[in-house]
Amino acid sequence: MRFIVEESLFLSNRTLSLDDRTYEYLLSVSVNESELLSELREETAGDKFSVMQISPEQGQFMSLLVKLTGAKRALEIGTFTGYSSICIANALPEDGELVCCDDSDEWTQMARKYWQKAGLQDKIQFHLQAASATLQALLDDSAAGSFDFIFIDADKQNYPLYYEQSLKLLRKGGLLAVDNTLWSGTVADPENMQPGTRAIRRFNEMVKNDNRVSKSLVPIGDGLTLIVKDFE
Ligand code: CA
Numbered sequence: 390m391r392f393i394v395e396e397s398l399f400l401s402n403r404t405l406s407l408d409d410r411t412y413e414y415l416l417s418v419s420v421n422e423s424e425l426l427s428e429l430r431e432e433t434a435g436d437k438f439s440v441m442q443i444s445p446e447q448g449q450f451m452s453l454l455v456k457l458t459g460a461k462r463a464l465e466i467g468t469f470t471g472y473s474s475i476c477i478a479n480a481l482p483e484d485g486e487l488v489c490c491d492d493s494d495e496w497t498q499m500a501r502k503y504w505q506k507a508g509l510q511d512k513i514q515f516h517l518q519a520a521s522a523t524l525q526a527l528l529d530d531s532a533a534g535s536f537d538f539i540f541i542d543a544d545k546q547n548y549p550l551y552y553e554q555s556l557k558l559l560r561k562g563g564l565l566a567v568d569n570t571l572w573s574g575t576v577a578d579p580e581n582m583q584p585g586t587r588a589i590r591r592f593n594e595m596v597k598n599d600n601r602v603s604k605s606l607v608p609i610g611d612g613l614t615l616i617v618k619d620f621e
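Per our numbering, residue 390 is the first one in the sequence shown, and the count goes up by one each step.
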């Protein structure tokens, strides 16, 4: 009995902050990164912006979310070198479709190369221009309510705009995942007034106060806010 009481002192009901050893353990027992994704990770590591790539455990988590929601039609805002798009597209059914938005030709060249390698080129439709223009074109083309899953991971200043456009494009019950909502923890530092930090803070407050949706900020990667559209 005494043993049980003592052991329970080591339990925690709040989210752990993972030290390196625990993080390595988590990766070793739960992440099955494919060879192709690990090759893409290595190639992206040469880029000074490689930190913009999502982590392997987040990629796998997002694949799971796509399967869980039974999504057929997905949208990604901010593709970078393609890691997350491959995680999403692979989790869609054979006849599923992913629309990707990014305005960087340079970064998405690598994404396009890996879509070919993965045999996903027919499943992915890519738009090389400002994402808000692509989203507006989709709305003008009667695509409102036609997406099951949307991932936002682009310029933070425009998150509120992407959010409203995404909510229009999502079907009722669809899932919106928004990346970097903990912004390396800087959002919790009142002295940090960097534009990116302030933008994420504003966005988080906005989502918190939006009663049209259900949400949860999941502390995976750099913070991933999951939002379900509760209205038509
Ligand atoms: Ca990100």
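Note that the Cβ used here is the ideal one computed from N, Cα and C, for glycine as well.
Exercise for review: Could you check how far apart the C-beta atoms of Ser423 and Met451 are, in whole angstroms? I think they sit under 8 Å.
Suggested key: Position 34 of the sequence shown, counting from 1, holds the residue named residue 423. Position 62 of the sequence shown, counting from 1, holds the residue named residue 451. Actually they are not in contact, since the Cβ atoms of Ser423 and Met451 sit about 14 Å apart, beyond 8 Å.
Check your understanding: Going by other Cβ atoms of all chains shown within 10 Å of its Cβ, with 16 needed for buried, is Thr570 buried or exposed?
Key -> Walking along the sequence shown from the start, residue 570 turns up at place 181. Buried is the call here.
Check your understanding: Is the CB-CB distance between Glu465 and Ile477 below 8 Å?
Key -> The residue labelled residue 465 in the question sits at position 76 within the sequence shown. The residue labelled residue 477 in the question sits at position 88 within the sequence shown. Yes, these two residues count as a Cβ contact at 8 Å.
Review point. Given that a residue counts as buried once 16 or more other Cβ atoms are within 10 Å of its Cβ, and exposed if not, what is Leu400?
Key: Along the sequence shown, one-based indexing puts residue 400 at 11. Exposed, because fewer than 16 other Cβ atoms sit within 10 Å of the Cβ of Leu400.
**Study point:** Cα-Cα separation, Asn598 to Ala532
**Key:** Counting from 1 along the sequence shown, the entry for residue 598 is found at position 209. Counting from 1 along the sequence shown, the entry for residue 532 is found at position 143. For Asn598 and Ala532, the distance between alpha carbons rounds to 26 Å.
Practice item. Please classify Thr614: does DSSP put it in a helix, a strand, or coil? Key: Here the question's residue 614 lines up with position 225 in the sequence shown. Thr614 carries a strand assignment under DSSP once its states are collapsed to helix, strand and coil.
Point to revise | Where Lys512 sits in the DSSP three-state scheme | key: Your numbering for residue 512 matches position 123 in the sequence shown. Looking at Lys512 - three-state DSSP - the assignment turns out to be coil, as it is neither helix nor strand.
Point to revise | Enclosing alpha helix (DSSP H) for Asp568 [first to last residue] | key: Within the sequence shown, residue 568 is the residue found at index 179, counting from 1. Here Asp568 belongs to no alpha helix (DSSP H); instead the beta strand (DSSP E) covers Leu559 to Asp568.
Point to revise | Nearest-angstrom Cα separation, counted from Thr523 out to Tyr548 | key: In the sequence shown, counting from the first residue as 1, residue 548 sits at position 159. In the sequence shown, counting from the first residue as 1, residue 523 sits at position 134. C-alpha separation (whole angstroms): 15 Å.
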